[in-house]
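J.:
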Amino acid sequence: MSTVIPLHPVNALGDCGDLDLQTERGQRAVFCGLTGIIWLHRKIQDAFFLVVGSRTCAHLIQSAAGVMIFAEPRFGTAIIDERDLAGLADANDELDRVVSELLSRRQDIKLLFLVGSCPSEVIKLDLSRAAQRLTRLHHPAVRVLNYSGSGIETTFTQGEDACLASLVPELPTQDDTRQRLMVVGSLADVVEDQMRGLFKAIGIDEVDFFPPRRSTELPAIGPGTRFLLAQPFLADTTRALQARGAEHIPALFPLGVEGTTQWLHAAATAWGVPPQRVLEATQAPRQRAEQALSRHRALLSDRSVFFFPDSQLEVPLARFLHRELGMRLTEVGTPYLHRQHLAPELALLPSGTRVTEGQHVDPQLDRCKQAAPDLVVCGLGLANPLEAEGFTTKWAIELVFTPIQGYEQAGDLAGLFSRPLNRRLKLVA
Ligand code: SF4
């Protein structure tokens with residue numbers, strides 16, 4: 001967990017339609033970017049994530065990934081100890097030794113990420129040079145890249161952004177200008193398969209997913225590449241893709257029926273596919289999703305929800321909860337507000353919604369308590385104290401670990417919010 005000393009009080013960001021946009025700089029209660037390893041190592045199945053960090057970093061990912069304890073993990077921590085911190089040992093030599101041991105034992109690893117942490121930043125260990133050196137040593141069997149997941153530089157989902165941005169220069173160049181669609185952002189394999197089927201049904205056959213399931217299947221990129229973001233937290237990755245000539249297709253994010261439909265429509269428009277074809281191709285899954293949502297609407301409608309900043313999914317989730325389930329939004333906190341990527345989402349939030357970028361946790365807790373929402377979406381560190389005070393909470397981390405995108409998952413997504421309310425009602429009864 002990272003802590004930042006308060007810098008300024010709340011100040012207004014300015015106009016964004018009728019929304020009440022605020023920014024806060026203060027103490028934060030957010031995970032660091034190491035957490036992304038938990039879903040990234042499941043997605044890229046021949047990659048290994050070696051955190052160069054302290055025992056605290058090791059504990060964080062071990063406990064966040066508790067369920068993986070019986071599997072041979074594809075993440076680990078090279079511990080920086082007192083000797084390294086005191087400059088008594090050459091940290092680069094130690095790192096080379098650890099990597100050589102790892103790679104000789106684990107020949108299934110084709111891509112190794114050196115993941116920077118707060119301690120590696122403090123001792124100014126140059127992981128970029130280490131990655132180049134180790135690539136020279138272990139190429140072609142293994143490619144070594146680096147990115148930072150430190151709490152000084154990143155929060156939670158920014159770890160995925162940093163990881164994917166480090167991978168973009170490795171994408172092969174597409175020689176021709178043939179139009180190809182790339183879906184960017186980790187999706188569970190089951191969701192990826194569903195999306196591929198939907199794109200095919202609307203007439204878009206050539207679709208790549210980034211990151212791919214195997215590092216040996218990196219999609220090619222070039223001026224013909226147009227990409228849809230599957231996740232809202234990929235600002236650096238987007239810039240890196242654009243620098244390689246790819247074009248971003250602005251869209252809602254594929255959460256809920258509306259988000260998924262508009263996301264598909266955005267790609268269809270870019271491919272010149274008539275809207276009617278999208279509606280026909282998606283009719284059956286849309287109906288299934290609508291039915292699944294109706295089971296949760298009775299409980300969630302007119303209930304209020306307060307989002308603390310955590311995953312950067314908050315704005316699309318707020319749009320989904322408000323427009324498809326009738327929830328009232330008391331505050332939508334997000335660690336960063338990428339206005340360009342979120343513009344279609346922000347346009348659909350109800351007038352007057354308070355959207356807070358950044359965090360100053362104490363005043364935000366005060367506002368939450370004053371608003372007394374029916375449901376609070378927050379990180380693990382805030383959930384237990386709030387529960388103890390009688391609030392109903394939803395752990396934001398589950399929203400990242402669970403497949404929630406697309407039509408078939410819309411009911412499950414609603415269930416993540418209705419379940420804690422249901423449980424509270426049963427306890428009260
Ligand atoms: S990277 Fe920093 S914030 Fe994250 S677990 Fe390690 S020491 Fe804590």
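Here the sequence shown is numbered in this note's numbering, starting from 1 and rising by one per residue.
Cβ coordinates follow ideal geometry from the N, Cα and C atoms, glycine included.
Treat the numbers as computed from the prediction; the structure is a model and nothing was measured.
(1) Let me know the secondary structure DSSP gives V400 once reduced to three states.
(2) Whether or not the region 262-274 and the region 294-307 are in contact is what I'm after, with contact meaning three or more pairs of Cβ atoms, one per stretch, closer than 8 Å; do they touch?
(3) If we count Cβ pairs, one from each stretch, closer than 8 Å, do we get three or more for the region 119-128 versus the region 219-236?
(4) Compare the beta carbon distance of A220 and L171 with 8 Å and say whether it is the shorter of the two.
(5) Compare the Cα-Cα distances from E331 to each of A347, K369, W263 and H341 and report the closest residue.
(6) Which of the three DSSP states is assigned to I80 in this structure?
(7) How should D161 be labelled, buried or exposed, when 16 other C-beta atoms within 10 angstroms of its C-beta is the threshold for buried?
(8) Rank L34, I44, V400 and G53 by C-alpha distance to the C-alpha of A230 and give the top, closest one.
(9) Spell out the partners DSSP gives D90 in its beta bridges.
(10) Examine the ligand SF4 and report whether any of its heavy atoms sits within less than 7 Å of the Cβ of P119.
(11) Give me the DSSP bridge partner(s) of N146.
(12) What is the DSSP secondary structure of V273, reduced to helix, strand or coil?
(13) Compare the beta carbon distance of R323 and E258 with 8 Å and say whether it is the shorter of the two.
(14) Would you mind sorting Q174 into buried or exposed? The rule is 16 or more other CB atoms within 10 Å of its CB.
(15) Count the other CB atoms, across all protein chains shown, that sit within 10 Å of the CB of A414; report buried if there are 16 or more and exposed otherwise.
(16) Whose C-beta lies closer than 7 Å to the C-beta of V168 among residues of the same chain, with five residues either side of it excluded?
(17) On a Cα-Cα basis, can you pick out the residue from S418, R319 and D362 that is closest to A343?
(18) Should the region 32-39 be called in touch with the region 145-163, which here means at least 3 C-beta pairs below 8 Å?
(19) May I ask you to check if the CB of L34 is nearer than 7 Å to at least one heavy atom of the ligand SF4?
(20) I'd like to know whether the C-beta atoms of S215 and K110 end up nearer to each other than 8 Å.
(21) Please list the terminal residues of the continuous beta strand (DSSP E) segment that includes M182.
(22) Can you check DSSP and say which residues form a bridge with R207?
(23) Alpha helix (DSSP H) containing D20: first to last residue?
(24) At a threshold of 7 Å, does T177 count as lining the ligand SF4 (C-beta to nearest heavy atom)?
(25) Apart from the five residues just before and just after R277, which ones in its own chain have a Cβ nearer than 6 Å to its Cβ?
(26) Among F49, A292 and F209, which has the Cα closest to the Cα of E408?
(27) Distance check for S128 and V51, CA to CA, integer angstroms please.
(28) Is it true that the CB of F233 sits closer than 8 Å to the CB of Q179?
(29) Write down every uninterrupted run of the alpha helix (DSSP H) in the region 325-383 whose length is 4 residues or greater and which is fully enclosed by it, in chain order.
(30) Leaving aside the five residues before and after A64 along the sequence, list all residues of the same chain whose C-beta is less than 7 Å from its C-beta, in chain order.
(31) From which residue to which residue does the alpha helix (DSSP H) around A246 run?
(32) Quick one: measure Cβ to Cβ for P420 and T392, integer angstroms, because I've assumed they're closer than 8 Å.
(33) For the candidate residues T334, P211 and L181, whose alpha-carbon lies nearest to that of F199?
(34) Report yes if the C-beta distance between I80 and S54 is below 8 Å; otherwise report no.
(35) Identify which residue in G381, L255 and Q364 has its Cα closest to the Cα of P373.
(36) For G14, which three-state DSSP category applies?
T.: Looking at the atomic coordinates:
(1) helix
(2) no
(3) no
(4) yes
(5) K369
(6) coil
(7) buried
(8) V400
(9) BP columns for D90 are empty, so no partner.
(10) yes
(11) L114
(12) coil
(13) yes
(14) buried
(15) buried
(16) T237, A240, L241 and R244
(17) R319
(18) yes
(19) yes
(20) yes
(21) R180 to V184
(22) Checking the sequence shown, residue 207 turns out to be Val, not Arg. Answer by DSSP bridge pairing, in chain order: L181.
(23) First-last for D20: D20 to R25, but that is the beta strand (DSSP E), not the alpha helix (DSSP H).
(24) no
(25) I202
(26) A292
(27) 13 Å
(28) no
(29) 339-346 and 361-371
(30) T35 and I38
(31) Note, A246: premise wrong, no alpha helix (DSSP H); not H, not E.
(32) 5 Å
(33) L181
(34) yes
(35) Q364
(36) Because G14 carries a pLDDT of 36, less than 50, the predicted location of this residue cannot be relied on, and the following value inherits that uncertainty. Looking at G14 - three-state DSSP - the assignment turns out to be coil, as it is neither helix nor strand.
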